[in-house]
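Peer 1: Here the numbering used here is used: the first residue of the sequence shown is 860, the next is one more, and so on.
Don't be surprised by glycine CBs; every beta carbon is placed ideally from N, CA and C.
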Amino acid sequence: MTTEPSVSVVIPNYKTDEYLSRAIDSVLNQTYGEHEILLVDSSGTDTVREIADSSKQISYQYTEPEGVAAARNLALDRMTGEFVAFLDADDYWAPKKTEYQLEMLRSTDADFVYSDEYLLAGGNRRYHGTLPVDDPERHFVEYFRRGSGIPIRTVMVRQSCLGDKRFWEELAVRE
């Protein structure tokens, strides 16, 4: 009997309590269901604690506010999944995100995948496309030159690819 690969979902939270339930529900309601949610909270409110206690799939960790990179790194050090995906507490996923990305990772030799996204603000929806990978060796350089980056909330990566690599905590953005 084979088991489906497990996905660790890293969710940092700092002062976004009002959106957190929707983010977590978007993970719990994925069409692919084997998830470990690593909630790293720097708010410390009762609301967040109640949300964390609402599901056995949620692993809660409080930490003093040290930035989103530090929160993500703390979760990466605790993850148990074969794959890791990232979701900010004020964002949410479409229901088949995990299913589609796992299918892509299983059918290729890629170590990570990412996708386009929609940004919602003030009742408006804006499509945010990612650059095609024309030159794998220089792809990331073009992103930074264009003032963009790979949207972290769309990323899924093989845990084995990460090893001991972690987010750069000294950077305020694009860590």
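Under 8 Å by Cβ, that's how I've got Ala882 and Leu933 pegged, so tell me the actual separation to the nearest angstrom.
Peer 2: Position 23 of the sequence shown holds residue 882. Position 74 of the sequence shown holds residue 933. Actually they do not touch by this definition, with Cβ atoms about 18 Å apart.
Peer 1: For the alpha helix (DSSP H) that Arg965 lies in, which residues bound it at each end?
Peer 2: Along the sequence shown, read from residue 1 onward, the residue named residue 965 stands at position 106. Its alpha helix (DSSP H) spans residues Lys956 to Ser966.
Peer 1: Which one or two residues does DSSP pair with Ser836 in a beta bridge?
Peer 2: Residue 836 falls outside the range modelled here, since the chain spans only 860 to 1034, and no answer is possible.
Peer 1: Just to confirm, is the Cβ distance from Val943 to Val886 under 7 Å?
Peer 2: Within the sequence shown, the letter at position 84 stands for residue 943. Within the sequence shown, the letter at position 27 stands for residue 886. Not closer than 7 Å, so no.
Peer 1: Whose CA, out of Glu895, Ile1009, Tyr951 and Gln1018, lies closest to the CA of Ala911?
Peer 2: Start at 1 with the first residue of the sequence shown, and residue 911 comes out as number 52. Closest option to Ala911, Cα to Cα, is Glu895.
Peer 1: Grab me the residues of Asn983's own chain with a C-beta within less than 7 Å of its C-beta, minus the 5 sequence neighbours each way, in chain order.
Peer 2: The count along the sequence shown starts at 1 and reaches residue 983 at position 124. Answer for Asn983: no residue qualifies.
Peer 1: Shortest alpha-carbon distance to Asp1063 belongs to which of Ser914, Tyr891, Arg931 and Glu893?
Peer 2: Nothing about residue 1063 can be reported from this structure: the residues present for the chain run from 860 to 1034 only.
Peer 1: Just mark Pro871 as buried or exposed, buried being the case when its beta carbon has 16 or more other beta carbons within 10 Å.
Peer 2: Mapped onto the sequence shown, residue 871 falls at position 12. Buried, because 16 or more other Cβ atoms sit within 10 Å of the Cβ of Pro871.
Peer 1: Which value, in whole angstroms, describes the spacing of the CA atoms of Ser1048 and Asp876?
Peer 2: Given that the chain is displayed from residue 860 to residue 1034, the structure contains no residue 1048 and the question cannot be resolved.
Peer 1: Given Asp970, which residues of its chain have a CB within under 6 Å of its CB, disregarding the five upstream and five downstream residues?
Peer 2: By 1-based counting over the sequence shown, the position of residue 970 is 111. Excluding sequence neighbours, Asp970 sits near Arg1017 and Cys1020.
Peer 1: Does DSSP classify Tyr878 as helix, strand or coil?
Peer 2: What you label residue 878 is simply residue 19 of the sequence shown in a count that begins at 1. It is helical.
Peer 1: Using the beta-carbon count (16 or more within 10 Å), is Leu964 buried or exposed?
Peer 2: Numbered from 1 along the sequence shown, position 105 holds the residue referred to as residue 964. Result: buried.
Peer 1: Return yes when the Cβ of Val866 is within less than 7 Å of the Cβ of Gly940, no when it is not.
Peer 2: On the sequence shown, residue 940 is found 81 positions in, with the first residue counted as 1. On the sequence shown, residue 866 is found 7 positions in, with the first residue counted as 1. Taking 7 Å as the Cβ cut-off, Gly940 and Val866 qualify as a contacting pair.
Peer 1: Can you give me the C-alpha to C-alpha distance between Ile1009 and Lys956, rounded to a whole angstrom?
Peer 2: Your numbering for residue 1009 matches position 150 in the sequence shown. Your numbering for residue 956 matches position 97 in the sequence shown. The straight-line gap from Cα to Cα measures roughly 16 Å.
Peer 1: Can you tell me where the beta strand (DSSP E) holding Arg1012 begins and where it ends?
Peer 2: Here residue 1012 refers to the residue found at position 153 when the sequence shown is read from its first residue. Run containing Arg1012: none; DSSP gives neither H nor E here.
Peer 1: Please state the DSSP three-state secondary structure of Leu1030.
Peer 2: One-based indexing of the sequence shown puts residue 1030 at position 171. Of the three classes helix, strand and coil, the one that applies to Leu1030 here is coil, per DSSP.
Peer 1: May I have the straight-line CA-CA distance separating Asn888 from Leu961, to the nearest angstrom?
Peer 2: For the purposes of this step, residue 888 is taken as the residue at position 29 of the sequence shown. For the purposes of this step, residue 961 is taken as the residue at position 102 of the sequence shown. Spanning the two alpha carbons is a distance of roughly 16 Å.
Peer 1: Is it buried or exposed for Arg985, if we count other Cβ within 10 angstroms and need 16 for buried?
Peer 2: Taking the sequence shown and counting its residues from 1, the one referred to as residue 985 is at position 126. Arg985 is exposed by the Cβ-count criterion.
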